[in-house]
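Residue 1 is where the sequence shown starts when you use full-length UniProt numbering, and the numbers rise one by one after that. Backbone N, C-alpha and C define an ideal beta-carbon position, used for all residues, glycine too. Quick caveat, the model's predicted, so the values are computed rather than measured. Following: one structure in structure tokens, then a few remarks.
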Amino acid sequence: MDVLDLTRLQFAVVTIYHYFFVPMSISLAATAAGLQVAWLRTGRERYRDLTRFVGKLLIVTFAVGVVTGLVQEFQFGMGWSAFARFYGDVFGPTLAIEGMLAFFLEATFLALWYFGWDRLPRALHAATIVIVAVGTVLSAFIILAANSFMQNPVAYSLDPVTGRARLDDFGALLFNEVNLAAFPHTLAGAAMAGGSLLLGIGVWRQRHGGEPAHRTLARLGAWLTVAGGALTALTGDHLGKVITEVQPMKMAAAEALYATTTGAPFSLFAVGSPGGGEPSFSIEIPRLLSILAAGSPGAEVQGIDDLQAQYAAQYGPGSYIPMIPVAFWSFRLMIGIGMLAAALAAFYLWSTRKGRPGHPLLPRVLPLVPILPAAANSFGWIFTETARQPWLAFGISRVADGISPGLTRAEVAASLIGFAVVYGILAAVWLRLIRHLSRQPLAPRAAPVEAAQPPAPVY
Numbered sequence: 001m002d003v004l005d006l007t008r009l010q011f012a013v014v015t016i017y018h019y020f021f022v023p024m025s026i027s028l029a030a031t032a033a034g035l036q037v038a039w040l041r042t043g044r045e046r047y048r049d050l051t052r053f054v055g056k057l058l059i060v061t062f063a064v065g066v067v068t069g070l071v072q073e074f075q076f077g078m079g080w081s082a083f084a085r086f087y088g089d090v091f092g093p094t095l096a097i098e099g100m101l102a103f104f105l106e107a108t109f110l111a112l113w114y115f116g117w118d119r120l121p122r123a124l125h126a127a128t129i130v131i132v133a134v135g136t137v138l139s140a141f142i143i144l145a146a147n148s149f150m151q152n153p154v155a156y157s158l159d160p161v162t163g164r165a166r167l168d169d170f171g172a173l174l175f176n177e178v179n180l181a182a183f184p185h186t187l188a189g190a191a192m193a194g195g196s197l198l199l200g201i202g203v204w205r206q207r208h209g210g211e212p213a214h215r216t217l218a219r220l221g222a223w224l225t226v227a228g229g230a231l232t233a234l235t236g237d238h239l240g241k242v243i244t245e246v247q248p249m250k251m252a253a254a255e256a257l258y259a260t261t262t263g264a265p266f267s268l269f270a271v272g273s274p275g276g277g278e279p280s281f282s283i284e285i286p287r288l289l290s291i292l293a294a295g296s297p298g299a300e301v302q303g304i305d306d307l308q309a310q311y312a313a314q315y316g317p318g319s320y321i322p323m324i325p326v327a328f329w330s331f332r333l334m335i336g337i338g339m340l341a342a343a344l345a346a347f348y349l350w351s352t353r354k355g356r357p358g359h360p361l362l363p364r365v366l367p368l369v370p371i372l373p374a375a376a377n378s379f380g381w382i383f384t385e386t387a388r389q390p391w392l393a394f395g396i397s398r399v400a401d402g403i404s405p406g407l408t409r410a411e412v413a414a415s416l417i418g419f420a421v422v423y424g425i426l427a428a429v430w431l432r433l434i435r436h437l438s439r440q441p442l443a444p445r446a447a448p449v450e451a452a453q454p455p456a457p458v459y
């Protein structure tokens, strides 16, 4: 691997690992807020106990997310300084607002919530976790706005003096049409990530002598996973149409569609090299790609060959084709694994309806279900970032333009190994803490009352 490929691998490792925890934090914050509001309105102690438990999961996940986010910032500065210099005026204010407003909002009020139990009035205490939930959503919106700029650059101009990108309209940057489509899709995926974690823990505790509230926790997690799966499908359909409009090469790469086709099919599975030649075996749904791309079964979908010729004429000689196998399979794995998680959660809800014990295989399978949305979210990010290649910011600069000058293979390899070691330790710590919290009783047990001692005889 050369320096560029190593730096790209390092970025992928750092970003994907960080993204394991971000959707869970968003979902757990919203769930804890909902449970506490439910406790405030109904007074049921079960909701209070579940609020405490989900809040503890949130704190652990949030802490690891913060650490991995800091590593990501460091990696940006080390590996992509040319990118940061060119787009600094665009990304600087955006990331500063995210850090100063959203992050501090989350961190401050999460601390108030944790230390405010039995110290703050109930309504005020519930407001603190609601603010945390709002902060996580706000943070996601701002970060996605920065990423959406790379997918669909808007609200900028090139400074003729400095030669750098200059932000012209912050509002237009935030309300980029790609961001407006990607934001609800990301929140739906977050609901699946957090919901499946609660489902897995709830089922696992029921199998190992849990409390009645663990059944409530499992069913709540299952409902979140199912609802998140349905919303992910709906919002993904809209996002696909927006992507087709602003980045037609990405949608063509998702299907490995080389020739422009009217009424294009969608391959569920293929054996052999996808695109560039007929696969030896494939299962296709006729006209589905045209529906996904343009909302009409007879719509025309531009192929890779035509888009390559168009981009070469527009941007100059070179290859503008992303890594087709990566785009093809990451797109299918994102959809397939996410649908499998939603289907398992739906089967659990159906199997345990009206107090039924559920299918005997579910307690063995469902504790592993949190892996599925995490994997689906990761494949979604892989598709989003790799199918944009070779562009760093679409139509403006290529990936090779953003790398830090002067980097050596040894430097990148050493830092990559360092990141991997740190992340391995963090993963072990997170898993151990989640396992420890899951084994604890939901409600603090009262200290045993000492048996009354007979009064000492008086002589």
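In or out: H185 buried (at least 16 other Cβ within 10 Å) or exposed? Using a 10 angstroms sphere on the CB of H185, the tally of other CB atoms reaches 16 or more, which defines it as buried.
Give the DSSP-derived three-state secondary structure of Y258 in the structure shown. In the structure shown, Y258 adopts coil according to DSSP, grouped into three states.
The region 204-224 touching the region 240-256, judged by at least three CB pairs closer than 8 Å: The region 204-224 vs the region 240-256: no contact.
Return the first residue and the last residue of the alpha helix (DSSP H) that V64 is part of. Residues E45 to G79.
For S415, which beta-bridge partners are listed by DSSP? S415 pairs with nothing; no bridge assigned.
Locate the alpha helix (DSSP H) running through residue 462, then write down its first and last residues. Because residue 462 is not part of the residues shown, which for the chain are 1 to 459, the question remains open.
Given H214, which residues of its chain have a CB within under 7 Å of its CB, disregarding the five upstream and five downstream residues? Once the five neighbours on either side are set aside, the close Cβ partners of H214 are G202, R205 and Q206.
Taking 8 Å as the cut-off, does the region 138-155 touch the region 113-130 (at least 3 CB pairs, one atom from each stretch)? Between the region 113-130 and the region 138-155 there are fewer than three C-beta pairs closer than 8 Å, too few to call the two in contact.
So is V421 buried or exposed if we call it buried at 16+ other beta carbons inside 10 Å? Exposure of V421 is indicated by the presence of fewer than 16 other C-beta atoms within 10 angstroms of its C-beta.
Within this structure, are the beta carbons of A345 and L167 separated by less than 9 Å? With a cutoff of 9 Å on beta-carbon distance, A345 and L167 are scored as not near each other.
Note down, in chain order, each residue of its chain lying with its Cβ closer than 7 Å to the Cβ of L58, except the 5 sequence neighbours on either side. Within the same chain, and ignoring the five residues on either side of L58 in sequence, the residues whose Cβ sits closer than 7 Å to its Cβ are S25, L28, A29 and A32.
What three-state label does DSSP hand I129 in the structure shown? Of the three classes helix, strand and coil, the one that applies to I129 here is helix, per DSSP.
Roughly how many angstroms lie between the CA atoms of T307 and K56, to the nearest whole one? Residue identity differs from the one stated: residue 307 is Leu in this sequence, not Thr. So the two alpha carbons sit approximately 50 Å from each other.
Would you kindly report the start and end of the unbroken alpha helix (DSSP H) that includes L4? V3 to T42 is the span of the alpha helix (DSSP H), which, as asked, contains L4.
Mind checking residue 472: buried by the 16 CB within 10 Å criterion, or exposed? Since the first residue shown for the chain is 1 and the last is 459, residue 472 is missing from the structure and cannot be characterised.
Within the same chain, show all residues whose beta-carbon is closer than 7 Å to that of A102, passing over the 5 residues directly before and after it, in chain order. Excluding positions up to five away in sequence, the list reads G135, L138, S139 and I142.
First through last residue of the alpha helix (DSSP H) which encompasses W381: Element bounds for W381: I371 to T386.
Local Cβ density within 10 Å of E98, reported as buried at 16 or more and exposed below that: So E98 ends up on the buried side.
State whether the region 431-445 contacts the region 74-82, with contact taken as three or more CB pairs (one from each stretch) at a distance under 8 Å. Result no; under three Cβ-Cβ pairs closer than 8 Å.
Just reading off the alpha helix (DSSP H) that F183 is part of, what are its end residues? Residue range E177 to R207 is occupied by the alpha helix (DSSP H) that includes F183.
G316 to R85 span [Cα, whole Å]: Spanning the two alpha carbons is a distance of roughly 24 Å.
Once DSSP output is grouped into helix, strand and coil, what is the label at I396? Of the three classes helix, strand and coil, the one that applies to I396 here is coil, per DSSP.
Any idea which residues DSSP pairs W391 with across the strands? DSSP lists R398 as partners of W391.
Below 9 Å between beta carbons: does that hold for V412 and T7? Yes, the Cβ-Cβ distance between V412 and T7 is below 9 Å.
Please classify L174: does DSSP put it in a helix, a strand, or coil? In the displayed model, L174 falls within a helix according to three-state DSSP.
Between the C-alpha atoms of T232 and F266, what's the straight-line distance to the nearest angstrom? So the alpha carbons of these two residues sit roughly 19 Å apart.
Is the number of C-beta pairs between the region 7-16 and the region 380-393 that are closer than 8 Å three or more? Short answer: they touch.
Return helix, strand or coil for L268, following the three-state DSSP convention. If DSSP states are grouped into helix, strand and coil, L268 belongs with the strands.
Residues in its own chain within less than 6 Å of L268 by CB, not counting five upstream and five downstream? Taken in chain order, the residues that qualify are I283.
N- and C-terminal bounds of the beta strand (DSSP E) containing E284: Counted as a single uninterrupted DSSP element, the beta strand (DSSP E) harbouring E284 occupies residues F281 to I285.
Using a threshold of 9 Å, state whether the C-beta atoms of A181 and A393 are closer than that. The Cβ atoms of A181 and A393 lie no closer than 9 Å to each other.
Supposed close pair L292, G210 - CB separation, criterion 8 Å: Your pair L292 and G210 does not check out as a contact, with CB atoms roughly 42 Å apart and the cut at 8 Å.
Bridge-paired residues (DSSP) for V301: Answer by DSSP bridge pairing, in chain order: T261.
Compute the Euclidean distance between the alpha carbons of A107 and G402, then round it to the nearest angstrom. The C-alpha of G402 is placed about 32 Å away from the C-alpha of A107.
Could you tell me how far apart the beta carbons of G228 and M192 are, in whole angstroms, since I believe they sit closer than 8 Å? Confirmed, about 4 Å.
Just to confirm, is the Cβ distance from T51 to I131 under 9 Å? No.
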